[in-house]
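Okay, so the sequence shown: first residue is 1 according to UniProt numbering, each after it adds one.
Worksheet: one structure, shown below.
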Amino acid sequence: MALMPLTLEWPDVCIRISLAVLAGILIGLNRGESGKVAGLRTTLLVCLAACLAMLQVNALLAQAGKTPGSFVQIDLMRLPLGILSGVGFIGAGAILRKDGLVKGVTTAATLWFVTVVGLCFGGGQLGLGAAGLGLGIVVLWFLKEVERRIPRENHAELRITYERGVFSRDTLAESMQAAGCRLASIAGAAKGPERMEERFEVRWHGAPDAQPVPPFSECAMAAGAIESEWSIIR
C-alpha cells in the first residue's frame with residue numbers, strides 16, 4: 001500500500017479530490033433519494049472536508065518532526081482524528097427520537113463512513129478508498145432490498161375518539177392480540193364533556209412492506225370507538 005509522499009503534486013491532488021467528490025455523490029444519492037436529513041450536499045461536504053484535511057496533513061509532512069533545539073513537534077494525526085470527532089456531532093444531529101423510537105442511525109453511520117472514505121482518498125490510499133466506496137454502495141443500495149424482506153417489529157400509531165363509558169380498552173387489546181399485535185397507550189386528551197381522544201402505539205412482526213396491515217380500524221370500532229385513524233411509523 002502506497003504511503004503519502006512528502007512532496008504533493010497538483011495532479012495527485014486533483015485525483016484525490018475527484019475521487020472524494022465521486023464517493024460523496026454516490027453515497028449521498030442514496031441518502032437523498034430516501035429523503036433523509038443528511039442528503040447529497042451534506043454527504044458530499046463531509047467527504048470533501050475529510051479529503052482536504054488529509055491533503056493538508058500530506059502537505060505538512062515535510063514540516064513534521066522535531067529538529068535539534070526545537071520545542072515544537074507536530075502530531076499530524078490529530079487533524080484526521082479531530083475530523084472524525086467533529087463528524088460525530090453532525091451524526092448526532094441526524095438521529096431523531098420520537099415516542100421511544102430512534103431514527104437516523106443509518107444516516108449518522110453513513111456520514112461517519114463517508115468521512116473515513118474521504119480520509120483514505122485524501123491520504124493517497126486510493127485502492128483502500130475505492131474498496132471502501134464499493135462496499136458502502138453495496139451496503140446502502142443493494143442490502144437495502146434484502147433488509148426490506150427481513151421480518152421485523154413494525155410500528156404504527158392508532159388514534160381513536162370515543163365516548164366515556166362506551167369504549168373498552170380490554171376489548172381493543174384482545175382484538176389487537178388476536179391480530180398478532182401488541183398495544184401500548186401513548187397519550188389521551190378530553191375532546192369535550194363526554195368525548196375522549198387517545199393515541200396508541202401498535203407493534204407487530206412481519207415484513208416492513210407487508211400487505212395487508214392489521215385491521216386497526218375494525219378492532220377500534222369493535223371496542224366502541226366513534227372515529228379511528230392510524231399511520232405507519234417508519
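Quick reminder that beta carbons are idealized off the backbone N, C-alpha and C, glycines included.
The C-beta separation of A222 from S175 comes to about 6 Å, placing the pair in contact by the 8 Å criterion. Sequence-distant partners of I83 (beyond 5 residues in either direction) whose C-beta falls short of 8 Å from its own C-beta, in its chain, are A49, A50, A53, T115, L119.
Beyond the five residues adjoining it in sequence on each side, A187 comes within less than 8 Å, by CB distance, of E198, R199 in the same chain, given in chain order. Rounded to the nearest angstrom, the gap between the Cα atoms of E227 and V87 is 46 Å.
When rounded, the separation of the alpha-carbon atoms in L19 and A189 is 55 Å. For R159, same chain residues with a beta-carbon under 6 Å away, outside a window of 5 residues either side, are R199, E229 in chain order.
Excluding its 5 nearest sequence neighbours in each direction, S231 has C-beta neighbours in its own chain below 7 Å: A156, E157, listed in chain order.
Cβ atoms of A130 and L111 stay farther apart than 8 Å, at about 19 Å. Apart from the 5 residues on each side of it in sequence, V21 sits with its Cβ closer than 7 Å to the Cβ of L44, L48 in its chain, given in chain order. Between L76 and L61, the C-beta spacing is below 8 Å.
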